[in-house]
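Trainee: Using our numbering, you'd call the opening residue of the sequence shown number 6 and step up by one each time.
Following this message is one structure expressed as structure tokens.
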Amino acid sequence: MKCPYCNQDNTRVVDSRPADDNSSIRRRRLCDACGKRFTTYEKVETIPLIVIKKDQTREQYDRRKVEAGVLRACYKRPIPVSKMNELVDAVETELFSREEKEIDSKVIGEIVMERLKNLDAVAYVRFASVYREFKDVNTFMDELKKILS
């Protein structure tokens with residue numbers, strides 16, 4: 006690992022521990038040449054996941070889009086941010102554990118909805134109303150009946 010200060014490649018690890026998210030390793034390093042310390046993070050490299058959208062275009066999976074959808078659904082709900090992050094982590098784990106290179110956006114939406122249903126009914130309905138594109142009150146009521154039964 007090259008030192009970001011002097012560009013020498015003789016650095017050593019002085020401390021190593023799991024990062025806050027428990028999916029990466031945080032390493033404190035010391036440069037033998039200049040004596041400065043810096044931090045690096047080591048994470049498992051995942052297969053790039055391509056999402057097939059409704060219009061059949063393809064784009065690389067972006068965690069921020071799932072986070073944004075969950076955040077909008079949980080807006081003004083008594084749900085801690087930590088629970089939202091756990092939900093997004095669980096969705097991501099499920100997606101990558103499938104070991105597929107391409108996945109339909111519908112599948113991602115269904116996974117998010119299933120997890121939101123267990124977290125908060127209002128957040129679930131909010132997400133479903135956008136995801137399923139409710140056209141009228143009847144389709145909305147049909148979804149509510151599913152939750153209530």
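Where is the CB? At the ideal position from N, CA and C, for every residue including glycine.
Smallest Cα separation from Val75: which of Met6, Ile113, Phe139, Asn12?
Mentor: Counting from one through the sequence shown, the residue named residue 75 turns up at place 70. The shortest Cα separation from Val75 among Met6, Ile113, Phe139, Asn12 belongs to Ile113.
Trainee: Measure the C-alpha to C-alpha separation of Val71 and Leu121 and round it to an integer number of angstroms.
Mentor: As a working mapping, residue 71 is identified with position 66 in the sequence shown. As a working mapping, residue 121 is identified with position 116 in the sequence shown. The alpha-carbon atoms of Val71 and Leu121 are separated by roughly 12 Å.
Trainee: Which first and last residues belong to the beta strand (DSSP E) in which Val19 is found?
Mentor: In the sequence shown, residue 19 corresponds to position 14, counting from 1. Run containing Val19: 16 to 23, per the beta strand (DSSP E) assignment.
Trainee: Hey, Glu107 and Ile55: beta-carbon distance below 9 Å or not?
Mentor: On the sequence shown, residue 107 is found 102 positions in, with the first residue counted as 1. On the sequence shown, residue 55 is found 50 positions in, with the first residue counted as 1. Yes, these two residues count as a Cβ contact at 9 Å.
Trainee: Under the rule that 16 or more other beta-carbon atoms within 10 Å means buried, what is Asp25, buried or exposed?
Mentor: As a first step, residue 25 is located in the sequence shown; it is residue number 20 there, counting from the start. By the neighbour-count rule (16 or more Cβ atoms within 10 Å), Asp25 is not buried but exposed.
Trainee: In the structure shown, what three-state DSSP assignment does Ser134 receive?
Mentor: Mapped onto the sequence shown, residue 134 falls at position 129. Ser134 falls in the helix class under three-state DSSP.
Trainee: Secondary structure at Ile57, three-state DSSP: helix, strand or coil?
Mentor: Your numbering for residue 57 matches position 52 in the sequence shown. Residue state, collapsed to three classes: strand.
Trainee: With a CB to CB cut of under 7 Å and the five nearest residues on each side skipped, what residues in its chain are close to Ser21?
Mentor: Mapped onto the sequence shown, residue 21 falls at position 16. Result list for Ser21: Ile30, Arg32, in chain order.
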